[in-house]
Amino acid sequence: MMRRRLRRAAAMLGLGAATLAGLPGVQAQANLGAMRQKLVPTSVQQCRDLLQRRPQLDSYAPAATSARDAYCSCVGQAYVANMPDNVVLAFATNKLPADQNEQAARLKAAAASLEAARARCSARR
Numbered sequence: 035m036m037r038r039r040l041r042r043a044a045a046m047l048g049l050g051a052a053t054l055a056g057l058p059g060v061q062a063q064a065n066l067g068a069m070r071q072k073l074v075p076t077s078v079q080q081c082r083d084l085l086q087r088r089p090q091l092d093s094y095a096p097a098a099t100s101a102r103d104a105y106c107s108c109v110g111q112a113y114v115a116n117m118p119d120n121v122v123l124a125f126a127t128n129k130l131p132a133d134q135n136e137q138a139a140r141l142k143a144a145a146a147s148l149e150a151a152r153a154r155c156s157a158r159r
């Protein structure tokens, strides 16, 4: 019983210390679902903008302009849904880690998520 209380107290102190230290992930973890939802419209709009300006850059995109809205909606939702949590946090808070290797890893994970979303959404057509 006493050990459980000590563990709980230590966990609360750790969480409190992290909050006081201003670690970006602490508060953001609680709102991860909301952050994902906020990223969807931006992702959909970026897809639409890309297809308007340079459709040849997305080899998965439908040739018919009328099908592009549905495709972009699918891509935006699938992209954000499958994005790793640390990437969602980085994009939602506009804070990439200071370490360049960590930045590169997160951007590669985002690119992989986008590629998978594009492939999945093109297969649905």
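Take this note's numbering: the final residue in the sequence shown is number 159, and no numbers are missing along the way.
Just so it is clear, CB atoms sit at the ideal spot from N, CA and C, and this is done for glycine as well.
| task | Measuring alpha carbon to alpha carbon, tell me which of Asn-135, Gly-110 and Asn-128 ends up nearest Ala-150. | result | Ranking the options by Cα distance to Ala-150, first place goes to Gly-110.
- Message: So, at 6 Å on beta carbons, what are the nonlocal neighbours of Met-69 in its own chain, with the 5 sequence-adjacent residues on each side left out?
- Response: Only Val-122 and Ala-126 meet the Cβ criterion.
Check your understanding: Hey, is the region 98-109 in contact with the region 75-89, meaning 3+ C-beta pairs nearer than 8 Å?
Key -> Using a C-beta cut-off of 8 Å, the region 98-109 makes contact with the region 75-89, since at least three inter-stretch Cβ pairs fall below that distance.
**Message:** Residues in the same chain with beta-carbon distance under 7 Å from Asp-119, minus the five sequence neighbours each way, listed in chain order, please.
**Reply:** Only Leu-66 meet the Cβ criterion.
* To do: Please say whether Leu-73 and Val-114 have beta carbons closer to each other than 9 Å?
  => Cβ distance < 9 Å, so Val-114 and Leu-73 count as in contact.
Drop a sphere of 10 angstroms on the beta-carbon of Ala-95, count the other beta-carbons inside from all chains shown, and report buried for 16 or more, exposed for fewer.
-> Counting of Cβ neighbours within 10 angstroms places Ala-95 among the buried residues, the total reaching 16 or more.
Would you mind working out which of Ser-93, Gln-86, Arg-87 and Ala-132 sits nearest Leu-148, comparing C-alpha positions? Per the Cα distances, Ser-93.
*To the nearest angstrom, report how far apart Ala-145 and Ala-139 are at their CA atoms.*
Straight-line Cα distance between these residues: approximately 10 Å.
Taking C-alpha atoms, which residue in Arg-87, Ala-112 and Thr-76 lies nearest to Arg-154? Comparing C-alpha distances from Arg-154 to each of Arg-87, Ala-112 and Thr-76 shows the shortest one belongs to Ala-112.
Open item on the list: Within 10 Å of its beta-carbon, does Leu-98 have 16 or more other beta-carbons around it, so buried, or fewer, so exposed?
Closed with: What sits at residue 98 in the sequence shown is Ala, not Leu. Residue burial is scored here from C-beta neighbours: Ala-98 has fewer than 16 other C-beta atoms within 10 angstroms and is therefore classed as exposed.
Margin query: Using 9 Å as the threshold, is the C-beta distance between Met-117 and Ala-143 below it?
Written below: A contact, by the Cβ cut-off of 9 Å.
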